[in-house]
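Asker:
In UniProt numbering, the protein residues as written are 1 to 80.
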């Protein structure tokens, strides 16, 4: 076979694996809110440390709360 065929197969495989990893590492809305709430709590307890502020910004928590809160509510199930 031609070397270009092997390169094409390898590229498609790597892209497929990357998509799978990204899919499985995504947070659900509730997990995202819990993550942001935990970081925010730690920021308050540690007087807004730079590292925690960086984590808060890196996880887009300021935007996430507005985007994810309505979705997280729909995930909540009330036991009967």
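Every residue gets a Cβ at the ideal spot worked out from N, C-alpha and C, and that includes glycine. Here the structure is a predicted model, which means the values were calculated and not measured.
(1) Rounded to the nearest angstrom, what separates residue 19 and residue 41 at their Cα positions?
(2) Roughly how many whole angstroms lie between the Cα atoms of residue 39 and residue 32?
(3) Are the beta-carbon atoms of residue 52 and residue 46 separated by less than 8 Å?
(4) Do you know whose CA, among 36, 10, 50, 54, lies nearest residue 61's CA?
(5) Between residue 56 and the rest of its own chain, which residues show a CB-CB distance below 8 Å, the 5 nearest in sequence each way excluded?
Answerer: Reading off the structure:
(1) 32 Å
(2) 11 Å
(3) yes
(4) 36
(5) 36, 39, 40, 43, 62
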